[in-house]
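Visitor:
Numbering (the working numbering), first residue to last: 999 to 1197.
#1: So, at 8 Å on beta carbons, what are the nonlocal neighbours of residue 1135 in its own chain, with the 5 sequence-adjacent residues on each side left out?
#2: Would you mind giving the Cβ-Cβ distance between residue 1072 and residue 1062, rounded to the nearest angstrom? I have them listed as a contact below 8 Å.
#3: Starting from residue 1056, trace the alpha helix (DSSP H) in both directions and tell me its first and last residue.
#4: Distance, Cα to Cα, residue 1142 vs residue 1029?
#5: Report the option in 999, 1128, 1016, 1148 whose CA atom is closest to the CA atom of residue 1046.
#6: Mind checking which residues open and close the beta strand (DSSP E) that includes residue 1029?
#7: Classify residue 1012 as buried or exposed, calling it buried when 16 or more other Cβ atoms lie within 10 Å of its own Cβ.
#8: I'd like the span of the alpha helix (DSSP H) that includes residue 1126, first residue to last.
#9: Can you find the residues in the same chain that come closer than 7 Å, C-beta to C-beta, to residue 1002, ignoring five residues on each side of it along the sequence?
#10: Thinking C-beta only, is residue 1103 closer than 8 Å to residue 1133?
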């Protein structure tokens, strides 16, 4: 959780803060944050990822609202699935390998780069890259109950047609065991250290 939060949300925030004086001093400066459709439409199994991307979308929109009047361009890039090794390398919260979407649902990195440059040129507020991103975004806008129904039916955030990735939800006992494993094991030593020093 902390690593994902640091990479996806805290790093862009800190980098923007460091660069803001230089950006504001140069005419035509632009910030394009690589957000995600997962920052606009939430689903199950990727809670931490959704949290970071929702935060990045909000941060990007707030930057545009606050500094847009001063001439700084700000754009949120929200692609859907992209043909990278992201799905191959990432794992779900239970240690399982994340399912890779069909290739026809994915955009190429070259297309993402092309649309990002176009968005910077025209100072677009937000850019949705793939047809799936447009579909999910408009479903949430005009028929949010379909998003709820889709999540309840498939237990996934994305409807990867042709494959079903339904896994049983973790039981209460499994969740408690995971939380205990994440706690520090040397709590007793940490607690008794001050007493030893006082003696």
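Built from N, CA and C at the ideal position, the CB exists for glycine as well.
Quantities reported herein were computed from a predicted structural model and do not represent experimental measurements.
Guide: So, from the listed chains and residues:
#1: Looking up residue 1135 in the chain shown gives position 137. The answer, listed in chain order, is 1035, 1038, 1039, 1076, 1126.
#2: As a working mapping, residue 1072 is identified with position 74 in the chain shown. As a working mapping, residue 1062 is identified with position 64 in the chain shown. The Cβ separation is near 4 Å, so the contact holds.
#3: By 1-based counting over the chain shown, the position of residue 1056 is 58. Unbroken alpha helix (DSSP H) run through residue 1056: 1045-1065.
#4: Position 144 of the chain shown, counting from 1, holds the residue named residue 1142. Position 31 of the chain shown, counting from 1, holds the residue named residue 1029. Their backbone Cα atoms lie some 30 Å apart in a straight line.
#5: Here residue 1046 is taken as the residue at index 48 of the chain shown, counted from 1. It is 999 whose Cα lies nearest to the Cα of residue 1046.
#6: As a first step, residue 1029 is located in the chain shown; it is residue number 31 there, counting from the start. Residue 1029 -> beta strand (DSSP E) spans 1028-1032.
#7: For the purposes of this step, residue 1012 is taken as the residue at position 14 of the chain shown. Exposed, by the Cβ-count rule.
#8: Numbered from its first residue, the chain shown carries residue 1126 at position 128. No alpha helix (DSSP H) holds residue 1126; the beta strand (DSSP E) holding it covers 1124-1126.
#9: The residue labelled residue 1002 in the question sits at position 4 within the chain shown. Correct list, in chain order: 1046, 1047, 1050.
#10: Here residue 1133 refers to the residue found at position 135 of the chain shown. Here residue 1103 refers to the residue found at position 105 of the chain shown. Not in contact: residue 1133 and residue 1103 (Cβ atoms no closer than 8 Å).
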